[in-house]
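Residue numbering for the sequence shown follows my numbering, beginning at 38 and increasing consecutively.
Here is the structure we will look at.
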Amino acid sequence: MYVADSWQDFEVIDTGDGQKLERWGDILLARPDPQVIWPKARPESWRQADAVYAPSDKGGGAWDFRRRLPERWEVQYRGLRFFVRPTGFKHTGLFPEQAANWDWMQGLLRQRPNARVLNLFAYTGGATLACMQAGAHVTHVDAAKGMTQWARENRDLSRLPETGRRLR
């Protein structure tokens with residue numbers, strides 16, 4: 038099993054009762070996770086959440102901000118930098134558990150100079166940036182223009198070159 042255990046800016050603080058409490062940088066977010074069917078182990082920690090996502094019966098939901106947060110903020114993983122922000126569908130723009138896959142891909146790509154990678158449904162670019170960092174020529178494709186723009190911002194934030202890389 039691959040485990041994403043090299044994060045310094047992300048941590049799962051607790052899970053339970055259909056929710057997870059996560060630290061993104063210095064910000065604590067509580068959001069639903071239907072796979073979490075056990076009770077909370079550290080109920081006192083949840084009072085420290087900076088924002089809590091409340092799902093709606095009609096789909097989507099809304100964040101309850103308990104303190105003023107920046108619109109977006111930075112987290113980093115092994116030299117890659119990403120903007121995260123709470124979205125209207127409980128997401129943050131990054132799936133931190135995927136870092137295990139990024140590490141695996143980088144291990145393969147470092148053995149293949151000038152490899153070409155096609156990343157479909159590429160979202161905000163986590164895998165794209167990891168492949169670029171390993172030296173691959175990457176074509177990043179996502180149907181949502183806003184996600185592709187977010188990926189460009191993450192690429193720029195990570196100071197990765199534009200040449201040989203396409204984000205569409």
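Note that beta-carbon positions come from the ideal geometry of N, C-alpha and C, so glycine has one too.
Report task. In angstroms with no decimal places, state the Cα-to-Cα distance between residue 171 and residue 95. Result -> Within the sequence shown, numbered from 1, the residue matching residue 171 stands at position 134. Within the sequence shown, numbered from 1, the residue matching residue 95 stands at position 58. Spanning the two alpha carbons is a distance of roughly 42 Å.
**Report entry** Minimum C-alpha distance to residue 173 - residue among 68, 187, 198
**Finding:** Walking along the sequence shown from the start, residue 173 turns up at place 136. Looking at the Cα atoms, 198 is the closest of the given residues.
Query raised in the report: Where does residue 68 land, buried or exposed, given buried means 16+ other C-beta within 10 angstroms?
Result: Counting from 1 along the sequence shown, the entry for residue 68 is found at position 31. By the 10 Å Cβ count, residue 68 comes out buried.
**Report entry** Straight-line gap, residue 180 to residue 186 (C-alpha atoms, nearest Å)
**Finding:** By one-based count along the sequence shown, residue 180 stands at place 143. By one-based count along the sequence shown, residue 186 stands at place 149. Each residue's alpha carbon lies about 11 Å from the other.
Query - Where residue 156 sits in the DSSP three-state scheme - result: To locate residue 156, count along the sequence shown from 1; it is residue 119. Correct three-state label for residue 156: strand.
Requested in this report: Taking only runs that begin and end inside the region 123-148, name each unbroken alpha helix (DSSP H) of 4 or more residues, in chain order.
Outcome: Listed in chain order, the complete alpha helix (DSSP H) runs (minimum 4 residues) inside the region 123-148 are 136-146.
Requested in this report: Excluding the 5 residues preceding and the 5 following residue 52 in the sequence, name in chain order all residues of the same chain whose CB lies nearer than 6 Å to its CB.
Outcome: Here residue 52 corresponds to residue number 15 of the sequence shown, with the count starting at 1. Taken in chain order, the residues that qualify are 73.
**Report entry** Neighbour-count burial assignment, residue 38, 16 or more Cβ in a 10 Å radius
**Finding:** Residue mapping note: residue 38 aligns to position 1 of the sequence shown, counting from 1. Residue 38 is exposed by the Cβ-count criterion.
Requested in this report: Since I believe residue 122 is in contact with residue 111 (beta carbons under 8 Å), could you give me their beta-carbon distance rounded to a whole number of angstroms?
Outcome: Position 74 of the sequence shown, counting from 1, holds the residue named residue 111. Position 85 of the sequence shown, counting from 1, holds the residue named residue 122. The distance from the Cβ of residue 111 to that of residue 122 is about 11 Å, inconsistent with a contact at the 8 Å cut-off.
Query raised in the report: Considering residue 186, what are the terminal residues of the beta strand (DSSP E) in which it resides?
Result: The residue given as residue 186 occupies position 149 in the sequence shown. No beta strand (DSSP E) contains residue 186, which is instead part of the alpha helix (DSSP H) from 182-194.
Requested in this report: Answer yes if the region 57-64 comes into contact with the region 150-162, meaning at least three C-beta pairs across the two stretches below 8 Å, and no otherwise.
Outcome: no
Query raised in the report: Would DSSP call residue 199 helix, strand or coil?
Result: For the purposes of this step, residue 199 is identified with residue 162 of the sequence shown, where counting begins at 1. DSSP places residue 199 in coil when its eight states are reduced to three.
Requested in this report: Report yes if the C-beta of residue 139 is less than 6 Å from at least one heavy atom of the ligand FAD; otherwise report no.
Outcome: Of the ligands one can find in the structure shown there are none, so the ligand FAD has no counterpart to examine.
Query raised in the report: Grouping DSSP H, G and I as helix and E and B as strand, with all else coil, what is residue 167?
Result: One-based indexing of the sequence shown puts residue 167 at position 130. In this structure, residue 167 counts as helix in the three-state DSSP scheme.
Requested in this report: Give the secondary structure of residue 92 by DSSP, where H, G and I count as helix, E and B as strand, and everything else as coil.
Outcome: Indexing the sequence shown from 1 puts residue 92 at position 55. Residue state, collapsed to three classes: strand.
**Report entry** Coarse secondary structure for residue 100, derived from DSSP in three states
**Finding:** The residue you call residue 100 lines up with position 63 of the sequence shown. Looking at residue 100 - three-state DSSP - the assignment turns out to be strand.
Query raised in the report: Based on the DSSP output, what are the partners of residue 69 in its beta bridges?
Result: Sequence index remark: in the sequence shown, residue 69 carries index 32 (1-based). 56.
Query raised in the report: Could you give the distance in angstroms between the alpha-carbon of residue 116 and the alpha-carbon of residue 106?
Result: Locating residue 116 in the sequence shown gives position 79, where the first residue counts as 1. Locating residue 106 in the sequence shown gives position 69, where the first residue counts as 1. Residue 116 and residue 106: Cα-Cα distance of roughly 24 Å.
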